[in-house]
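Residue numbers (the working numbering): 26 to 316.
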């Protein structure tokens, strides 16, 4: 089955080499909306994925969530086969995606959700220089299942064991969608969708979110640069709110997320920490992809 990945970029030269090399063999084609990047993003795309499309969105100066979603809608509607929209912080993670989709296509489902894993960085050396020639999950392979720390994850007795671990302001990913419909019926931001007949909790396919990892100055700069492009209307609606944080606030979140999911409190009491190399299920994927 033909598979297309779709994304949008603005000055993403830090993450793009890892993201493109990770996905270029998973999908048959890619379509990247470029919001008039001023760095080397477009050149990186053309170098690593020369057959992929780089398109200019309608109203490229409008960085609003709704303009972005409308452009994604137009792209999805012209694409046949399976399609998936991922940000450059999001890495599809499975040992044999092609076989997975081939088997999935024999079912009656319209699509499947990617189980989100939020990545954290054990190193607090913000000056660390990573190697673009080595896959990012090899260099940064710690994280936690988002569902484990979700404020919606409650026991049958109504108690929420995680209510004090992550505040409501954490930017939850939800289930990113891979589907074969004309359009994914997304809510703004695509963290949720209203597409019928979607396989979610038992999909056994994952998405690594590098929103707060690597814990480096270059990653902090990559995230903080977006702040001045978030429109006022989006700010009022609390859309893209984590892009409004200062550099110090971003570093604070990076430190907090590592301490919460991987630190001594978590290891001793909650065991939410994941190492892709050692996890029973994820370790099999890691070994197939990287060993």
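Cβ coordinates follow ideal geometry from the N, Cα and C atoms, glycine included.
All of these numbers come straight from a predicted model, not from anything done at the bench.
In its own chain, which residues sit with a C-beta less than 7 Å from the C-beta of residue i, not counting the 5 before and 5 after it?
i, result
"residue 129", "137"
"residue 106", "26, 27, 28, 29 and 205"
"residue 208", "98, 101 and 102"
"residue 300", "166 and 167"
"residue 302", "166, 308 and 311"
"residue 104", "29"
"residue 210", "218, 219 and 220"
"residue 96", "58, 82 and 83"
Roughly how many whole angstroms lie between the Cα atoms of residue i and residue j?
i, j, result
"residue 282", "residue 127", "36 Å"
"residue 163", "residue 89", "33 Å"
"residue 314", "residue 145", "20 Å"
"residue 215", "residue 151", "30 Å"
"residue 275", "residue 64", "22 Å"
"residue 80", "residue 108", "17 Å"
"residue 196", "residue 75", "33 Å"
"residue 305", "residue 226", "18 Å"
"residue 310", "residue 51", "14 Å"
"residue 183", "residue 250", "Since pLDDT at residue 183 reaches only 49, below the 50 mark, its modelled position is unreliable, and no value is offered."
"residue 84", "residue 218", "24 Å"
"residue 153", "residue 41", "18 Å"
"residue 93", "residue 200", "18 Å"
"residue 48", "residue 228", "19 Å"
"residue 213", "residue 198", "12 Å"
"residue 194", "residue 161", "26 Å"
"residue 173", "residue 155", "29 Å"
"residue 242", "residue 149", "10 Å"
"residue 53", "residue 131", "19 Å"
"residue 171", "residue 298", "11 Å"
"residue 285", "residue 91", "33 Å"
"residue 46", "residue 202", "20 Å"
"residue 73", "residue 270", "31 Å"
"residue 55", "residue 316", "26 Å"
"residue 110", "residue 159", "24 Å"
Give me whichever residues DSSP pairs with residue i in a beta bridge.
i, result
"residue 234", "115 and 143"
"residue 109", "30 and 203"
"residue 59", "34"
"residue 299", "168"
"residue 224", "137"
"residue 78", "56"
"residue 211", "218"
Looking only at its own chain, which residues have a Cβ that is under 6 Å from the Cβ of residue i, when we skip the five neighbours before and after it?
i, result
"residue 87", "none"
"residue 247", "39"
"residue 279", "237 and 240"
"residue 253", "none"
Since residue i and residue j are thought to touch, with beta carbons under 8 Å apart, how far apart are those beta carbons, to the nearest angstrom?
i, j, result
"residue 157", "residue 77", "Not quite, the Cβ-Cβ distance comes to about 18 Å (not below 8 Å), so this is no contact."
"residue 125", "residue 223", "Going by Cβ atoms, the distance from residue 125 to residue 223 rounds to 15 Å, so no, they are not a contact pair."
"residue 143", "residue 169", "6 Å"
Tell me which same chain residues have a C-beta within less than 8 Å of the C-beta of residue i, skipping the five on either side of it?
i, result
"residue 245", "151, 272, 275, 276 and 279"
"residue 112", "32 and 33"
Three-pair Cβ contact test at 8 Å for the segment 27-43 versus the segment 53-66: yes
Three CB pairs or more closer than 8 Å across the segment 138-146 and the segment 66-78: Cβ pair count under 8 Å is below three, so no.
Inter-stretch contact (C-beta, 8 Å, three-pair minimum) for the segment 112-122 and the segment 225-243: yes
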